[in-house]
Amino acid sequence: MDDLTEDQRRDYEAAAFRRLVAHLRERHDVQNIDLMNLAGFCRNCLSNWYREAAEADGTALSKEGSREIVYGMPYEEWRRLHQNEATPEAATAFAARSEH
130 MDDLTEDQRR DYEAAAFRRL VAHLRERHDV QNIDLMNLAG FCRNCLSNWY REAAEADGTA
190 LSKEGSREIV YGMPYEEWRR LHQNEATPEA ATAFAARSEH
């Protein structure tokens, strides 16, 4: 919208991002491979984009730190608690997608 100020636009985008992250934290049943296969991004992508934005602003942020921001806990803990083995179908779809 043309009538939004830059501050409003940034605030609304930040609120939408926070809501997306909160939603993904609640939806442990949604696996990263399924997100990648359906939407072309996953929680790791979000954490990478977050880290890249911080670095573009001159703020050092580790891969582990940005993942903890998105996952709400250390990544390895999230994997242990919530990540399931990919189904053969999901793995095949991911491999086919990765070839492009």
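The numbers in the working numbering rise by one with no breaks, and the one at position 48 of the sequence shown is 177. The beta-carbon is built from N, C-alpha and C at its ideal position, and this holds for glycine as well. For clarity, every value in this text was computed on a predicted model and none was experimentally measured.
- By the CB criterion at 8 Å, Ser195 and Arg180 fall inside the cutoff.
- Note on geometry: alpha-carbon atoms of Asn161 and Arg154 lie some 12 Å from one another.
- Under the three-state reduction of DSSP, Asp136 is assigned to helix.
- Pairing Asp136 with Ala144, the inter-Cα distance amounts to about 12 Å.
- Here DSSP, grouped into helix, strand and coil, assigns Asn213 to coil.
- In the three-state DSSP reduction, Leu190 falls in the coil class, being neither helix nor strand.
- A direct Cα-to-Cα measurement between Asp158 and Arg138 gives close to 31 Å.
- A straight line joining the alpha-carbon of His211 with that of Asp132 spans about 42 Å.
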